[in-house]
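Here the structure comes first, spelled out in structure tokens, and everything after it is commentary.
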Amino acid sequence: MILGNIKNLSNFRRDHYNAVALGGSGNCKVMLVCLEAGQFIPVHQPGIDLCLIVLEGRGMLYDGQTEQMGEPGDLLYARAGESRGIMADSRLVALAIVTPPPGPQDHEQVEQMLTQGRWHDANTDQIRAHA
Numbered sequence: 537m538i539l540g541n542i543k544n545l546s547n548f549r550r551d552h553y554n555a556v557a558l559g560g561s562g563n564c565k566v567m568l569v570c571l572e573a574g575q576f577i578p579v580h581q582p583g584i585d586l587c588l589i590v591l592e593g594r595g596m597l598y599d600g601q602t603e604q605m606g607e608p609g610d611l612l613y614a615r616a617g618e619s620r621g622i623m624a625d626s627r628l629v630a631l632a633i634v635t636p637p638p639g640p641q642d643h644e645q646v647e648q649m650l651t652q653g654r655w656h657d658a659n660t661d662q663i664r665a666h667a
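So the sequence shown is numbered by our numbering: it starts at 537 and just counts up by one.
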């Protein structure tokens, strides 16, 4: 299945990151993760494996142990249950492949933290707070 050009498929939201579903099955889900500068996906520990590659822009990648500035071509891999998060320094587009597809329980923590404007939960990670 040819999906098209990343620039045409990218879609951003004003309030928080946007995950654009590109395809998937019962085994995996493929999506574009689109963030404006300052937006983030909070550090969380879902029960899914993640492979994320930065396609455009810059942002802080967190893998549960290390924070690193991510640029086009940089890759993040996190196993199910491991912490992960991303914060955009500029408009950022990343390709994410997750397995198995996430369920509602995998995003409860993310939704709660977005509502509270928190980048991480001090009880689970020793990293900087979102300003």
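Beta carbons are placed, not taken as given, at the ideal position from N, Cα and C, and that holds for glycine.
On a predicted model such as this, the values are computed, not experimentally measured, just so you know.
DSSP state of residue i mapped onto helix, strand, coil
{"i": "Asp-585", "result": "strand"}
{"i": "Thr-602", "result": "coil"}
{"i": "Glu-592", "result": "strand"}
Proximity below 7 Å, CB of residue i to CB of residue j
{"i": "Gly-583", "j": "Ala-616", "result": "yes"}
{"i": "Leu-568", "j": "Leu-545", "result": "yes"}
{"i": "Asn-554", "j": "Cys-570", "result": "yes"}
{"i": "Val-629", "j": "Gly-606", "result": "no"}
{"i": "Ile-633", "j": "Val-566", "result": "yes"}
{"i": "His-580", "j": "Gln-648", "result": "no"}
{"i": "Asp-625", "j": "Arg-594", "result": "yes"}
Cα-Cα separation between residue i and residue j, rounded to whole angstroms
{"i": "Gln-662", "j": "Arg-620", "result": "Unreliable placement is indicated for Gln-662, whose pLDDT of 46 sits below 50; the coordinate value is still reported in the next sentence. Their Cα atoms are separated by approximately 13 Å."}
{"i": "Gly-542", "j": "Gln-652", "result": "Looking at the sequence shown, residue 542 is not Gly but Ile. Taking the straight line joining both Cα atoms gives about 31 Å."}
{"i": "Leu-611", "j": "Asp-585", "result": "13 Å"}
Unbroken beta strand (DSSP E) run spanning residue i, endpoints
{"i": "Asn-554", "result": "554–560"}
Can at least three beta-carbon pairs, one atom from the region 543–553 and one from the region 561–577, be found at a separation below 8 Å? yes
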